[in-house]
Amino acid sequence: MRQRIGVYICHCGGNISDYVDVEELSKMFHKEDGVVVSKDVMFVCADSNQKAMVEDIQKHNLDAIVVASCSPKLHLHTFRGVAGRAGLNPNNYVQVNIREQCSWPHSDRPREATVKAAGLIRAGINRVAFSEALDNIEIEVKKAAMVIGAGVSGMKAAIDLARSGNEVYLVEKDYFVGGRIAQKEKLFTSGQSGKEIVRKLYEEIKTYKNVTVFTGATIEKVTGSLGSFNIEVKVKPRYINGKIDKQTVKRAMDDCQVYADDEFNLGLSKRKAIYKNYPEALPDVPVVDVEALKDHPDYLEKYKAVINLNEKEETIALLVGSVLVTTGFDNYEPKEGEFGYKNIPNVITLPQLNRLMELSPEKLVYNGKEIKSVAFIYCVGSRQKKGENKYCSRHCCTSTIYTALQLKSKYGKIQNYHLYRDIRTYGKQEILYEQASKQGDLFFKYEEKEMPTVEMNGKGISLKVKDYLTAKKEMEIAPDLVVLVTGMVARADASHISELFKIPIGNDKFFNEIHPKLKPVETVIKGVYIGGTCQGPKNVSEAVQSSLAGASKITALLKSGTVMGDPVVARVNADICTWCGKCAEVCDYTAIREIVNEAGKHIAGVNKGVCTGCGICAPVCPVNAIEVAKYTDNEIEAMIDGFAADVEIKEKEASTVTEEKEDVVAAHMKEYPQIWKDILATIETDKKTIPEVVETLKIAPEMVTYHLMTMNKYGVVTPAGTNEKEEYYYYKIK
Amino acid sequence: MAKVNPEFASELIKYGVGDFNECFNCGNCTATCSLSTNDSSFPREMIRYTTLGLEDEIKTSLKPWECYYCGECTKECPRQANPGELMMSLRRWLTAQYDWTGFSGLFYKYLPAFLTAMVLVFAGVLFFANLVNWELERMLHYGHLFEMLAIATVFVVIFIPNLLRMWRFSVIKAGVKAPLRNYFTALGDLFVHMFTQKRAKDCDDNHFRWLEHLVLVIAYLSLLFTTVFLNWFGTENLFVIILGYLESAFIFIITVDFVKDRIQQKKALAKNSKPSDWFFVIWLLLMGLTAFLVRLFIDLNILESNKWLYLFHLMVLAQWALIIVPFGKWTHFLYRSFAMYFAKIKSMKS
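The listed protein sequences correspond, in order, to chains A and B.
Note that the first sequence covers residues 8 to 741 in this note's numbering.
Note that the second sequence covers residues 158 to 507 in this note's numbering.
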């Protein structure tokens, strides 16, 4: 219990004292138990008063302070600072808000405002009496970070993290790095090759000794929290004898005649059973598809020196201080029959077309027929009013238009048709849209309620669209190829990552940040950040921007080796707790788990690094063994008692208020600011309007207006009729 | 169901239009057009039809004729798709569609064909002069006969069938069933538009251009009447002689102003002059000028010693009557007024 409390009640220059009788209150709390100092001050936050407070605390040996003034949003830190400077623990201070909660909202009922303020201040005094001298929580952090997903976002982030001196583990699920951009021959708007970017990034990563890249690796288990995450990574074998030279491996690849579906080329071709995603794929070690080769013992026997079937998968335990998730996106897979997909031969998706173009250097041929015209249907799997994906996938409009430009520049005479809902080539990408129009591409606008239809007739594909640009006339197009512009969806295994790290998932199934504007890469899990397209649709630049933001946040977090946390966390009374587990069940942050204390008793243990002090655990405890610091039962009950206690304040008569004020004003005439004196001087002999005062004093009209109005309010000046044109009031000294 | 035909754009480019592919259908052109109305809005719709190659829709439409090319749309176009010039090219293309002989299209699309025709007519004139042994009297006599014959033939053989085709495309194929009565009621509109071009007055703020055009049309038609029916070159009637002088003077003064506009290229409509435009305006100028000079030489009694002047006039006249009038820009005069006539019929209640 605090016994020597200081109470400071603020006038706020009239903001509070005009309605709340602060002088009466300060007199009243003199008599309160435990209160040593009780003052009302014109501006508590003024420098002079802060100094006086420090002196009070030291002179009277105060052990707690209460400030009744404005919202803690404004001055909580100011007075914590005062407490700190006076040698008091900042947590032995309570802020009471009697401006926003009393004087302002109840200006029509000054007495009630005063009564309410008295209750709130007494509650504050009672609370501070139970306050504890808490210290901030210090969490040690391991100067190591894990980046999950080695696409362009993850690789760029890994480089930045490594450059800042962190130990970095870059974990990639696929056997090769690069992610989605490796599947693009050219990236808008720069025209750079995706594979070239992947190569450069990989080479740069290799120059850092503090980056370890795991490919064919998945996250299996996560324990721990901010500062020390224990993560188990499972690395799948490549089944290639590491000691054998590259030439022999290449010979084995060339000789392989067993083929399997090629996921990298999105089913457009077959790959060998010993393969790389593409010839330059990195790391430069192929992978053996053991499943595909199991019925080919001859081949396995022939190359037993190359293929090591005994290689086992490995599980590696890593300790990191923070995690950046950059797991990327999946392409939307159209449903069978959606615009004829999979039912009509020449209907493919945009990612497939991009692969097809890279695989077709000379002529664009599909299903044995040269393609002379291509129709793109936009927003497939995006912006669905009724479907699951309500969002716009952001990159596809530009991607499609860029592809259309490539088609024409690469293969010559190709007619492109664009069936869009809205063209969103925002920012600098707009130039591409103009180029596409210029090269003769035709644009048709459709609406979701009247979708285009794709059918086969005798000659080929018949694409029908109700064109909103031509008064909804139904148009028929006969393209050689229909390309469905599919959007981005969350990774199919995003829920796996989400479960391991407890990252919340939005309605759109992408990972959720805390706040789209103010905390755009942070998750509710401290130390876990998200970047790139695992968070929602983005183009390459935007994805890299967000992952680099995440990398910067992590660098700042890990820099000093420790992190300071707020002491407002849950704590357990070991004597009472019997470990029923109810608190752990309700905890959203998995901050509570069962531990065995020194006495050998099973109780709930709170991870202070993870706990956010939300307090959901306290009410569910059947034996009242868990509480949140600064919000203990004692404190809350004392506050309620304090607020509920009777307050006896006699009503101030309105007339005395004004009289007193006038007296004060008259007495302190010499105390007026210079500008008041100047204005009063100009109207001393003769009444003047505001423009006339402005003209005389040569100062800004707003200043004159403001100060004249204030003086009018306090009865220093008074209006004296209007001028002839009735435009302005004259003012004279009252 | 309309079939999209992207090839049409390249066909229309031969009729003079530039790059209209950049159009992104904002509709600024229609919004800014002072002639476009809610019931009949253009040019955006026409650009859209052209881009998609909906030939039937264009052929049955009269909208290209409703535009008098003030150039406001071209000025306001955010994509420099030049809607004004597109409407102009559509008028040329429509002219070619209406013309059963196919010469209009040929001449618009291939300048050499047009030049060859002009040279052939010139050779024909020389041949005729030779046939009458370069005798001025006979040349004047047969020249006058030729004028009358040419007018009649062009009307019967070219204009009437072409106007019928225009009617078939824009009224019958467009599915309009109008009672005969409407054809009579709307006749007033036909003549008003033909002789006053009153729509052009609403086209932009430049009423002077409209006035110039009106005076030119009246001067041209009355000169035609004066030379053909009052036999200006043969008459002794002082009134007729002075009338002819005035008419021809008006023609070449106004055409000089029009040529100047096309050279200076200040106005949008004068920026994209095609050979067909140049020949039209220059030949009109030459007609006025040579007619004036011929009559002057007659009055000064020096034509006998300057037969070349009459031959030159006859050549200009023949090329005008046989090529430019039936297959060139002159037909705008007819098609525009008939377009307004048909539009009126279409809009009337049946």
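A virtual CB, placed ideally from N, CA and C, is assigned to each residue, including glycine.
- Query: Could you give the distance in angstroms between the alpha-carbon of A/Val29 and the alpha-carbon of A/Gly21?
  - Reply: Locating residue 29 of chain A in the first sequence gives position 22, counting from the first residue. Locating residue 21 of chain A in the first sequence gives position 14, counting from the first residue. Their Cα atoms are separated by approximately 10 Å.
- Message: If we define contact as Cβ-Cβ less than 7 Å, is A/Gly21 a contact residue for chain B?
- Response: Here residue 21 of chain A refers to the residue found at position 14 of the first sequence. Cβ-Cβ to chain B under 7 Å: no for A/Gly21.
- Message: Using a Cβ-Cβ distance cut-off of 7 Å, determine whether A/Ser416 contacts chain B.
- Response: Translated into the one-based positions of the first sequence, residue 416 of chain A becomes position 409. No, A/Ser416 does not count as interfacial toward chain B.
- Task: Return helix, strand or coil for A/Cys541, following the three-state DSSP convention.
- Result: As a position in the first sequence, residue 541 of chain A is number 534, starting the count at 1. Helix.
- Task: Indicate whether the contact test is met: 3 or more Cβ pairs, each with one atom in the segment 349-357 of chain A and one in the segment 504-522 of chain A, closer than 8 Å.
- Result: no
- Item | Amino acids of chain A, ordered along the chain, whose beta-carbon sits closer than 8 Å to that of B/Thr208 | Taking the second sequence and counting its residues from 1, one reaches residue 208 of chain B at position 51. Under the 8 Å cutoff, chain A gives Leu449.
- Query: With 16 other CB atoms within 10 Å as the buried threshold, where does B/Met203 fall?
  - Reply: The count along the second sequence starts at 1 and reaches residue 203 of chain B at position 46. That one is buried.
- For my contact list, A/Ile16 and A/Arg106 are in at a C-beta cut-off of 8 Å; report their separation, rounded to the angstrom. Position 9 of the first sequence holds residue 16 of chain A. Position 99 of the first sequence holds residue 106 of chain A. About 11 Å; that fails the 8 Å criterion.
- Should A/Arg362 and A/Leu491 be called a contact, given that it needs their Cβ atoms to be closer than 7 Å? One-based indexing of the first sequence puts residue 362 of chain A at position 355. One-based indexing of the first sequence puts residue 491 of chain A at position 484. No.
- Task: Just grab the DSSP bridge partners of B/Lys160 for me.
- Result: By one-based count along the second sequence, residue 160 of chain B stands at place 3. Residue pairing by DSSP puts B/Lys160 in a beta bridge opposite A/Glu483.
- Message: Tell me the rounded alpha-carbon separation between A/Val613 and A/Gly494.
- Response: Position 606 of the first sequence holds residue 613 of chain A. Position 487 of the first sequence holds residue 494 of chain A. Their backbone Cα atoms lie some 43 Å apart in a straight line.
- Output, in chain order, the set of chain B residues within a Cβ distance shorter than 9 Å of A/Glu457. The residue given as residue 457 of chain A occupies position 450 in the first sequence. In chain order: nothing, as chain B lies at least about 14 Å away.
- Message: Against A/Thr477, what residues of chain B qualify as contacts under a CB-to-CB distance less than 7 Å, listed in chain order?
- Response: The count along the first sequence starts at 1 and reaches residue 477 of chain A at position 470. Those within 7 Å of A/Thr477 in chain B are Arg205, Leu209.
- Message: Can you give me the C-alpha to C-alpha distance between A/Met571 and A/Glu147, rounded to a whole angstrom?
- Response: The residue given as residue 571 of chain A occupies position 564 in the first sequence. The residue given as residue 147 of chain A occupies position 140 in the first sequence. Straight-line Cα distance between these residues: approximately 9 Å.
- Short CB-CB distance (under 7 Å) between A/Ile281 and chain B: Taking the first sequence and counting its residues from 1, one reaches residue 281 of chain A at position 274. No - not a single Cβ of chain B is within 7 Å of the one on A/Ile281.
- Determine, using beta carbons only, whether B/Ile170 comes closer than 7 Å to chain A. On the second sequence, residue 170 of chain B is found 13 positions in, with the first residue counted as 1. No, B/Ile170 does not count as interfacial toward chain A.
- Message: Please report the straight-line C-alpha distance between A/Ile251 and A/Ala312, rounded to a whole angstrom.
- Response: Against the first sequence, residue 251 of chain A aligns to sequence position 244. Against the first sequence, residue 312 of chain A aligns to sequence position 305. Approximately 7 Å, taken between the alpha carbons.
- Go to A/Val387, then tell me how far its beta strand (DSSP E) extends in each direction, as first and last residue. Locating residue 387 of chain A in the first sequence gives position 380, counting from the first residue. Taken as a continuous stretch (DSSP letters only), the beta strand (DSSP E) holding A/Val387 covers 380-387.
- Query: How about B/Cys227 and B/Pro240: do their beta carbons lie closer than 7 Å?
  - Reply: As a first step, residue 227 of chain B is located in the second sequence; it is residue number 70 there, counting from the start. As a first step, residue 240 of chain B is located in the second sequence; it is residue number 83 there, counting from the start. Using a Cβ distance threshold of 7 Å, B/Cys227 and B/Pro240 do not count as a contacting pair.
- Message: Beta carbons nearer than 9 Å to chain A: which residues of the segment 169-192 of chain B have them?
- Response: Asp176, Asn178, Glu179, Cys180, Phe181, Asn182
- Task: Note down, in chain order, every chain B residue with its Cβ under 9 Å from the Cβ of A/Glu441.
- Result: Against the first sequence, residue 441 of chain A aligns to sequence position 434. For a Cβ distance threshold of 9 Å, residue set Glu179, Phe181, Arg236 of chain B lies close to A/Glu441, ordered along the chain.
- Is the distance from the Cβ of B/Ser218 to the Cβ of B/Val174 below 7 Å? If you number the second sequence from 1, residue 218 of chain B lands on position 61. If you number the second sequence from 1, residue 174 of chain B lands on position 17. Contact flag unset, no.
- Can you grab the Cα-Cα spacing for the pair A/Phe50 / A/Glu31, in whole Å? Walking along the first sequence from the start, residue 50 of chain A turns up at place 43. Walking along the first sequence from the start, residue 31 of chain A turns up at place 24. Distance between the alpha carbons of A/Phe50 and A/Glu31: 17 Å.
- Task: Mind reading off the beta-carbon distance from A/Ser160 to A/Gly534? Whole number of angstroms is fine, and I expect it under 8 Å.
- Result: For this step, residue 160 of chain A is matched to residue 153 along the first sequence. For this step, residue 534 of chain A is matched to residue 527 along the first sequence. Between A/Gly534 and A/Ser160 the Cβ distance is about 19 Å, and since that is not below 8 Å, they are no contact.
- Query: Hey, does A/Glu483 have any beta-carbon neighbour from chain B nearer than 7 Å?
  - Reply: Here residue 483 of chain A refers to the residue found at position 476 of the first sequence. At least one chain B Cβ lies under 7 Å of A/Glu483.
- Touch test, the segment 623-642 of chain A against the segment 565-584 of chain A, Cβ-Cβ under 8 Å, three pairs minimum: yes
- What's the gap between the Cα of A/Lys526 and the Cα of A/Asp448? As a working note, residue 526 of chain A is residue 519 in the first sequence. As a working note, residue 448 of chain A is residue 441 in the first sequence. So the two alpha carbons sit approximately 41 Å from each other.
- Kindly provide the ranges of any alpha helix (DSSP H) runs that are 4 or more residues long and lie completely inside the segment 457-496 of chain B, ordered along the chain. Those alpha helix (DSSP H) runs which fall completely within the segment 457-496 of chain B and span 4+ residues are 464-476.
- Task: Return the residues of the segment 329-344 of chain B that lie within a Cβ-Cβ distance of less than 8 Å from chain A, sorted by chain order.
- Result: Going along the segment 329-344 of chain B in chain order, one finds no residue with a Cβ nearer than 8 Å to chain A.
- Message: Whole angstroms are fine: how far does the CA of A/Lys415 sit from the CA of A/Ser367?
- Response: Start at 1 with the first residue of the first sequence, and residue 367 of chain A comes out as number 360. Start at 1 with the first residue of the first sequence, and residue 415 of chain A comes out as number 408. Straight-line Cα distance between these residues: approximately 14 Å.
- Residue environment, B/Pro235, which counts as buried when at least 16 other CB atoms sit within 10 Å: Here residue 235 of chain B is taken as the residue at index 78 of the second sequence, counted from 1. Exposed: under 16 other Cβ atoms inside 10 Å.
- A/Gln422 at chain B interface by Cβ criterion, 7 Å: On the first sequence, residue 422 of chain A is found 415 positions in, with the first residue counted as 1. Yes, A/Gln422 lies at the interface with chain B (some Cβ there is under 7 Å from its Cβ).
- Query: Quick one: what does DSSP say A/Asp648 is sitting in, helix, strand or coil?
  - Reply: Within the first sequence, the letter at position 641 stands for residue 648 of chain A. A/Asp648 falls in the helix class under three-state DSSP.
- Query: Just how far apart, CA to CA, sit A/Leu565 and A/Glu369?
  - Reply: For the purposes of this step, residue 565 of chain A is identified with residue 558 of the first sequence, where counting begins at 1. For the purposes of this step, residue 369 of chain A is identified with residue 362 of the first sequence, where counting begins at 1. When rounded, the distance between both Cα atoms is 52 Å.
- Own chain residues within Cβ distance below 7 Å of A/Ala673, not counting five before or after: Counting from 1 along the first sequence, the entry for residue 673 of chain A is found at position 666. The predicted model places A/Ala673 with a pLDDT of 48, which falls under 50 and marks its position as unreliable; any figure quoted below should be read in that light. Hits under 7 Å: none found.
- Task: Could you list which residues in chain B have their beta carbon closer than 7 Å to that of A/Ala480, in chain order?
- Result: Translated into positions along the first sequence, residue 480 of chain A becomes position 473. Ala is not the amino acid found at residue 480 of chain A; the sequence shown has Lys there. Here the neighbours are Ala159.
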